[in-house]
Amino acid sequence: MRLGILISGRGSNFEAIANAIARRKLDAEIAIVITNRAGSPGLDIARERGIPVRIIASQGLEREAYDKLLVEELQTHDVDLVCLAGFMRLLSAHFVRAFPNRVLNIHPSLLPSFPGLDAQRQALEHGVKITGCTVHFVDEFLDSGPILIQAAVPVLDDDTVETLSARILAQEHSIYSTAIQYLVEDRVTIEGRRVRIREDERP
Ligand code: GAR
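Laid out in structure tokens, this is it:
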């Protein structure tokens, strides 16, 4: 399975996916990493590993015009699955239609709680005792498509946004590759909002 990874910043989820591939826990290859921000530190991680990168700046472009550029680039690289990894833009219906049920996102909360920006801060301020992270299919709405996998993370009394974010991030790094591998193994079916994952049939 050829992955197209979209980032806007640090790229630690992208790096975790690349590591899972290197350790043969994930049977996929990264065809292209695309960022909308020229200064994304994640670009250096890609370059160090010899993974093709492309900067497609979004400034001054309408959403759909921008998304057409993204789709073209992903199709040029024969991408089977698009993985949003800290890509801080909403995708248009045009984009989602180009890759039906083939776009994943990772979000640092137990959706549908705390969509949008600063999910970890939202969870702390709300006072929840458990939060976590979610890998979900992407539709044209914010953090809203069918949920593939989630991991729970307890909120501790002395947590700050930083300490809580770090524990959630460790879980993100683990569940994203697991979710992608479910798709690689063709174990996933979507029924309405519910996503079923068939038992692993390997001996
Ligand atoms: C991650 O925590 C990811 O879940 C979050 O941005 C961070 C990116 O980190 N994404 C969202 O909030 C999307 N709504 P990374 O660049 O190190 O992977």
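Under my numbering, the first residue of the sequence shown carries the number 1, and numbering increases by one thereafter.
Note that the Cβ used here is the ideal one computed from N, Cα and C, for glycine as well.
Item: DSSP three-state assignment for residue 124, whether helix, strand or coil; Value: helix
Item: Delimiting residues of the alpha helix (DSSP H) encompassing residue 47; Value: 42 to 48
Item: Closest Cα partner of residue 140 within the set 178, 126, 89, 163; Value: 89
Item: Per-residue burial, residue 60 [other beta carbons within 10 Å of its own, 16 or more giving buried]; Value: exposed
Item: Chain-order list of residues whose beta-carbon lies under 7 Å from that of residue 54 (same chain, five-residue window excluded); Value: 32, 34, 73
Item: Under 8 Å between C-beta atoms of residue 177 and residue 16; Value: yes
Item: Bridge partner(s) assigned by DSSP for residue 3; Value: 30, 81
Item: Candidates 9, 174, 148, of which the one nearest residue 187 by Cα; Value: 148
Item: Straight-line gap, residue 44 to residue 20 (C-alpha atoms, nearest Å); Value: 18 Å
Item: Same chain, Cβ closer than 7 Å to residue 48, neighbours up to 5 away in sequence not counted; Value: none
Item: Neighbour-count burial assignment, residue 4, 16 or more Cβ in a 10 Å radius; Value: buried
Item: Nearest to residue 1 (by Cα), restricted to the options 151, 68, 82; Value: 82
Item: Residue burial classification, residue 110 (beta-carbon count within 10 angstroms, cutoff 16); Value: buried
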